[in-house]
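**Q** Supplied in structure tokens, the structure appears directly below.
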Amino acid sequence: MNIRYLIISSVISLSTLSTICCSKPLSPQNNTQSELSKIYEQGGKYFLGKEVPKDYSKAFSYFKKAAEKGLPIAQNDLAGMYLKGIGTQKSEEKAYYWYEKAAKNDFPEAQYNMGLMYDNGYYVSKNRSKALEFYKLAAHQGYAKAQYNLANAYLSGNGVQKDINLALELYKKAADQNLSEAQYNLANIYSDGSLVKQDNKKALELYTQVAEKGIPEAQNNLA
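Position in the sequence shown counted from 1, then plus 267, gives you the numbering used here.
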């Protein structure tokens with residue numbers, strides 16, 4: 268059976284979309300952090316058009332203010348806006364600068380995004396080894412997209428020694444966080460049975476979960 272896997276999650280991630288959109292508050296440690304969080308959250312409202320008219324320029328200004336004062340989540344989103352040219356002039360150099368700042372502050376989403384910078388050659392030369400280093404840092408902190416990209420690497424042997432057991436472990440961790448791509452690849456592994464003992468029940472459960480989210484590959488497998 269020829270199984271097609273979804274190979275790489277390559278979308279730069281903005282924290283705004285998960286933090287503000289889902290009303291998941293930040294957890295400030297002190298009054299300064301609390302003030303910075305409020306600035307960041309106001310930027311998120313302008314970014315999403317939540318409670319205020321959507322205004323990317325204002326969102327950029329709020330993110331920049333919080334980022335310059337050291338808030339890692341704001342540094343990550345400011346970098347994303349520079350990379351995509353949202354609310355400001357596009358600059359891969361400035362994107363790299365702010366992602367690196369946030370990554371050095373141990374912000375896992377920024378570590379993942381740094382991995383993508385090296386994987387895709389944004390501002391820097393492509394460097395698979397560097398990309399994997401950053402994916403590992405983020406995956407160690409439980410960041411699902413990084414776990415997924417690492418799982419793909421171990422499944423295919425791309426930049427690392429092939430390790431099916433480690434790939435399976437990482438797919439499971441990402442799938443447990445409801446990451447569709449990981450659930451789909453894990454379903455394929457269980458359905459195929461060439462890498463692990465075939466388990467059609469688990470495969471069906473995972474395909475169903477992914478299909479319900481509108482992923483056509485999973486819907487086709489259930490047809």
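Where a beta carbon is used, it is the ideal one built from N, C-alpha and C, also for glycine. Note that the structure is predicted; figures quoted are calculated from it, not measured.
Taking 8 Å as the threshold, find out whether the region 343-363 comes into contact with the region 394-411 through three or more Cβ pairs.
**A** Contact fails: fewer than three Cβ-Cβ distances are below 8 Å.
**Q** What distance in whole Å lies between the Cβ atoms of residue 329 and residue 307, which are believed to be in contact at a cut-off of 8 Å?
**A** In the sequence shown, the residue the question calls residue 307 occupies position 40. In the sequence shown, the residue the question calls residue 329 occupies position 62. Residue 307 to residue 329, Cβ: 7 Å. Contact.
**Q** Distance check for residue 359 and residue 389, CA to CA, integer angstroms please.
**A** As a position in the sequence shown, residue 389 is number 122, starting the count at 1. As a position in the sequence shown, residue 359 is number 92, starting the count at 1. Roughly 6 Å between the two C-alpha positions.
**Q** Would you say residue 366 and residue 387 are within 7 Å of each other, going by their C-beta atoms?
**A** For this step, residue 366 is matched to residue 99 along the sequence shown. For this step, residue 387 is matched to residue 120 along the sequence shown. Against a cut-off of 7 Å, the Cβ pair of residue 387 and residue 366 comes out as no contact.
**Q** Going by beta carbon distance, what residues of the same chain come within less than 6 Å of residue 447, once the five residues before and after it are set aside?
**A** Counting from one through the sequence shown, the residue named residue 447 turns up at place 180. If we look at residue 447 and ignore the five residues flanking it on each side, its Cβ neighbours are 477, 480, 482.
**Q** Indicate whether residue 473 and residue 450 have their beta-carbon atoms separated by less than 7 Å.
**A** Residue 473 sits at position 206 when you count from the first residue of the sequence shown. Residue 450 sits at position 183 when you count from the first residue of the sequence shown. Cβ atoms of residue 473 and residue 450: closer than 7 Å.
**Q** Distance, Cα to Cα, residue 316 vs residue 344?
**A** In the sequence shown, residue 316 corresponds to position 49, counting from 1. In the sequence shown, residue 344 corresponds to position 77, counting from 1. Whole-angstrom Cα-Cα distance: 16 Å.
**Q** Please state whether DSSP places residue 373 in a helix, a strand or coil.
**A** For the purposes of this step, residue 373 is taken as residue 106 along the sequence shown, with counting starting at 1. Coil.
**Q** Can you give me the start and stop residues for the alpha helix (DSSP H) that residue 390 sits inside?
**A** By one-based count along the sequence shown, residue 390 stands at place 123. Neither: residue 390 is in no alpha helix (DSSP H) and is coded neither H nor E.
**Q** How would you call residue 432, buried or exposed, if buried means at least 16 neighbouring beta carbons within 10 angstroms?
**A** Working through the sequence shown from its first residue, we reach residue 432 at position 165. Answer is exposed; the Cβ neighbour count stays below 16.
**Q** In three-state DSSP terms, what is residue 414?
**A** Translated into positions along the sequence shown, residue 414 becomes position 147. Three-state DSSP puts residue 414 in a helix.
**Q** Taking residue 364 as the reference, which of 382, 383, 342, 373 has the closest Cα?
**A** Taking the sequence shown and counting its residues from 1, one reaches residue 364 at position 97. The option with the nearest alpha carbon to residue 364 is 342.
**Q** List the whole-angstrom C-beta distance separating residue 437 from residue 414, where the pair is believed to meet the contact cut-off of C-beta under 8 Å.
**A** As a first step, residue 437 must be located in the sequence shown, where it is residue number 170. As a first step, residue 414 must be located in the sequence shown, where it is residue number 147. Correct: roughly 5 Å between the Cβ atoms.
**Q** Helix, strand or coil for residue 358, going by three-state DSSP, please let me know.
**A** Position 91 of the sequence shown, counted from the start, is the residue given in the question as residue 358. Coil, per DSSP.
**Q** If contacts are defined as beta-carbon pairs under 8 Å, then residue 424 and residue 402 qualify, I think. What distance do you get, rounded to the angstrom?
**A** Locating residue 424 in the sequence shown gives position 157, where the first residue counts as 1. Locating residue 402 in the sequence shown gives position 135, where the first residue counts as 1. So it is not a contact: roughly 15 Å between Cβ atoms.
**Q** When you compare only the Cα positions, how much space is there between residue 409 and residue 421?
**A** As a position in the sequence shown, residue 409 is number 142, starting the count at 1. As a position in the sequence shown, residue 421 is number 154, starting the count at 1. Rounded to the nearest angstrom, the two C-alpha atoms are 17 Å apart.
**Q** Under the three-state reduction of DSSP, which class applies to residue 425: helix, strand or coil?
**A** Position 158 of the sequence shown, counted from the first residue, corresponds to residue 425. In this structure, residue 425 counts as coil in the three-state DSSP scheme.
**Q** Identify whether residue 461 lies in helix, strand or coil by the three-state DSSP scheme.
**A** Here residue 461 refers to the residue found at position 194 when the sequence shown is read from its first residue. Reduced to three states, the DSSP call for residue 461 is coil.
**Q** Pick helix, strand or coil for residue 353, following the three-state DSSP scheme.
**A** Translated into the one-based positions of the sequence shown, residue 353 becomes position 86. Residue state, collapsed to three classes: coil.
**Q** Mapping DSSP to helix, strand and coil, what is residue 382?
**A** The residue labelled residue 382 in the question sits at position 115 within the sequence shown. If DSSP states are grouped into helix, strand and coil, residue 382 belongs with the helices.
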